[in-house]
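For the sequence shown, this note's numbering begins at 6 and goes up steadily by one. Note that the Cβ used here is the ideal one computed from N, Cα and C, for glycine as well. This report concerns only the one structure given below.
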Amino acid sequence: KPTLENVTHPKWVAATVRGDHDVNEAKLRQAAKKHFQVDQIELIDNLQVREKWAIGFCGPDKAVNDVETVVLVDSDAAQGGFWATGANEVDYHVKHFNWFRECGDRLADPRKVVVADMRNAIAGDPSPKNDGGKLVTRRGIEIGHVFKLGTKYSVALDATFDDAHGQTLPIIMGCYGIGIGRILLSAVEAHHDDRGIVWPASIAPFACIITPVQYGGEVKTVADKLHDQLNAAGIDTLLDDRLDLRPGPRFADADLIGIPIRVTVGERGLKDGVVEVKGRTESDAHAVKLCDVIEFLLAKNK
């Protein structure tokens, strides 16, 4: 299927790919510039096409034999054999199209026809480096951009450098951007379970959450003191000081927001001088002496 692009000279560039492939505009621009010295290129509108071509039914033979048109053929579409293509008449296609029979000697003229890589990659494409390897595509989240700005702004700002030969040239500029919110979304998508988020320790908003069984009396005193000690030791710690919730909802909320380590302070444990320490992904809790909690968590966070 030819895709027609409008240029100045020659007047048209016909980009030809297989029917199940799509033209990659960046590759097309590079190929048109390299082989036909075309600097500006744009997809032509339907009115222009109607004046010369049959929209949706243009065959590559007409493009090859047109004096105002140069043709770029994708490598896959340039294979020998027979093809189905447009018949250069609205609502008609032809079978058994053959490049050599329909286009003749003009195929051998590099000023007229060039074979180049011009399509978007698709799943199943062979790897150019791994023998037998195939391209696999998956859905993803775009978390950053890299832009090549070229010399547009450096020329305007007169930002130059002298190369090894003493020639003054404009700086080639680029920039990048990272989406902080998207990074967090990607992390949640990759790290979660049926109870909620499982933050990686490196980006967790807090390293530890203290969940008192009942926030009052000695439990409150110990929880408050432990919260201050852990933060002073460099362990970012959140304290669940809500008074209106029972232990079950507290634990469920701690799992939901995904803090990597949960420390539970309760009256029963304090009688033995211990608190419970549980990792977000662990099934069992550790009984840790109050005097050893900081050292235990520092070792766990390494």
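Beta-ladder partner(s) of residue i, from DSSP
i: residue 182; result: 150
i: residue 133; result: Bridge partners of residue 133: none, in fact.
i: residue 138; result: None, per the DSSP bridge assignment.
i: residue 292; result: 281
i: residue 214; result: 243, 267
i: residue 165; result: 175
i: residue 198; result: 201
i: residue 88; result: 102
i: residue 187; result: In the DSSP output, where bridge partners are listed per residue, residue 187 has none listed.
i: residue 124; result: 28
i: residue 155; result: 178
Pairwise C-alpha distance: residue j and residue i
i: residue 285; j: residue 194; result: 16 Å
i: residue 303; j: residue 198; result: 25 Å
i: residue 192; j: residue 204; result: 7 Å
i: residue 27; j: residue 34; result: 14 Å
i: residue 165; j: residue 179; result: 14 Å
i: residue 173; j: residue 36; result: 28 Å
i: residue 122; j: residue 76; result: 13 Å
i: residue 256; j: residue 32; result: 55 Å
Residue of the options minimising C-alpha distance to residue i
i: residue 42; options: 173, 283, 116, 245; result: 116
i: residue 247; options: 69, 120, 219; result: 219
i: residue 79; options: 71, 62, 61, 126; result: 126
i: residue 177; options: 152, 110, 280; result: 152
i: residue 182; options: 224, 160, 150, 211; result: 150
i: residue 2; options: 85, 161, 146; result: Nothing in the structure corresponds to residue 2, since the chain is present only between 6 and 307.
i: residue 216; options: 119, 155, 266; result: 266
i: residue 59; options: 143, 93, 154; result: 93
i: residue 278; options: 288, 225, 295, 290; result: 295
i: residue 261; options: 291, 202, 233; result: 202
Cβ-Cβ distance between residue i and residue j below 8 Å
i: residue 2; j: residue 298; result: In the structure as shown, the chain begins at 6 and stops at 307. Residue 2 is therefore absent and cannot be evaluated.
i: residue 18; j: residue 46; result: yes
i: residue 65; j: residue 8; result: no
i: residue 101; j: residue 87; result: yes
i: residue 270; j: residue 238; result: no
i: residue 148; j: residue 188; result: yes
i: residue 223; j: residue 272; result: yes
i: residue 206; j: residue 242; result: no
i: residue 124; j: residue 81; result: yes
i: residue 306; j: residue 240; result: yes
i: residue 120; j: residue 83; result: yes
Burial state of residue i (16 or more Cβ within 10 Å)
i: residue 108; result: buried
i: residue 259; result: buried
i: residue 252; result: exposed
i: residue 254; result: exposed
i: residue 276; result: exposed
i: residue 263; result: buried
i: residue 235; result: buried
The ligand MG heavy atom lying under 7 Å from the CB of residue i
i: residue 130; result: With respect to the ligand MG, the structure shown offers nothing to examine, as it has no ligands at all.
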